[in-house]
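Protein sequences appear in the order of chains V and Z. Residue numbering for the first sequence follows the working numbering, starting at 18 and increasing by one per position. Residue numbering for the second sequence follows the working numbering, starting at 592 and increasing by one per position. Glycine residues also receive a C-beta, built at the ideal position from the N, C-alpha and C atoms. Below you'll find the structure, written out as structure tokens, and then a few comments.
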Amino acid sequence: RKEVEQDPGPFNVPEGATVAFNCTYSNSASQSFFWYRQDCRKEPKLLMSVYSSGNEDGRFTAQLNRASQYISLLIRDSKLSDSATYLCVVNPPSGGYNKLIFGAGTRLAVHP
Amino acid sequence: GAGVSQSPSNKVTEKGKDVELRCDPISGHTALYWYRQSLGQGLEFLIYFQGNSAPDKSGLPSDRFSAERTGGSVSTLTIQRTQQEDSAVYLCASIKQAGAADTQYFGPGTRLTVL
């Protein structure tokens, strides 16, 4: 089983749609969770951290379910500019440093 | 301020040749990572440097791969006797300090093509 698993997509949605991505992780002791965004042929950039209580940043909502070991990202009112690959990232216990494990990503394509 | 920089941005080499990839982290960042991303794949951890501590080399795929970080700043990833399966984008990232919630800042990557 991979440490971090994501549905690769692609998710093809019209502008204005709401879309949700899920991600599962295998190490139940993982402490930190993130969503990164990667545009085509660009480097990944942090989109948002994921907190236990859930958190929202504008049109983006991230949630963590520790019992089921999954993380979700909800995007409301999708924009064309949201088209990218979304990477689920987990920080498992690894001897005290920030070793991030990246999922393979979920591709989102927003069309007019 | 300046972000993470990497050079070269693109490298085409012949099978069997050695290559060196360079990463300049953000000034003051103590930790540095190398990742590899093959076409359509996720990021594969290669190696981690933190200050003067011994690096975590657990992700290096073979002994043809090595990396060093001089003076706690610039890092060089060396691939000896390159193979076609080494073709990928090599990404470098740095963080300010090795805390659990620190953001990793990525460089633009070096796209390596082995013919």
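Where do the ends of the beta strand (DSSP E) carrying Y103 of chain V lie? Run containing Y103 of chain V: A101 to N108, per the beta strand (DSSP E) assignment.
Could you spell out the range, first to last residue, of the beta strand (DSSP E) harbouring R613 of chain Z? Here the beta strand (DSSP E) through R613 of chain Z covers V610 to D615.
Coil, strand or helix - S49 of chain V by DSSP: S49 of chain V: strand per DSSP, three-state reduction.
Rounded straight-line distance, which links the Cα of A34 of chain V to that of S653 of chain Z: The straight-line gap separating the alpha-carbon atoms of S653 of chain Z and A34 of chain V is approximately 45 Å.
Pull the bridge partners of E635 of chain Z from the DSSP assignment, please. BP columns for E635 of chain Z point to Z:R627.
Where G122 of chain V meets chain Z, residues with beta-carbon distance less than 8 Å: Chain Z residues near G122 of chain V: G633.
If you measure between the beta carbons of A79 of chain V and S89 of chain V, is that distance less than 9 Å? Contact flag set, yes.
Between F636 of chain Z and E60 of chain V, which are expected to be in contact by the criterion C-beta below 8 Å, what is the C-beta distance as a whole number of angstroms? Rounded, the Cβ-Cβ distance is 15 Å, inconsistent with contact.
Along chain Z, which residues have their Cβ under 9 Å away from the Cβ of E20 of chain V? Think of a sphere of 9 Å around the beta carbon of E20 of chain V: no beta carbon from chain Z falls inside it, the nearest being about 10 Å out.
Look up D647 of chain Z in the DSSP assignment and say whether it is helix, strand or coil. It is a strand residue.
Going along chain V, which residues have a C-beta under 9 Å from F640 of chain Z? Those do not exist, as F640 of chain Z stays about 10 Å from chain V at its closest Cβ, beyond 9 Å.
So who's on the other strand from T621 of chain Z, going by DSSP bridges? Answer is none; T621 of chain Z lacks a bridge partner.
Quick one: what's got a C-beta closer than 6 Å to Y624 of chain Z's C-beta in the same chain, skipping five residues either side? Taken in chain order, the residues that qualify are Y639 and A684.
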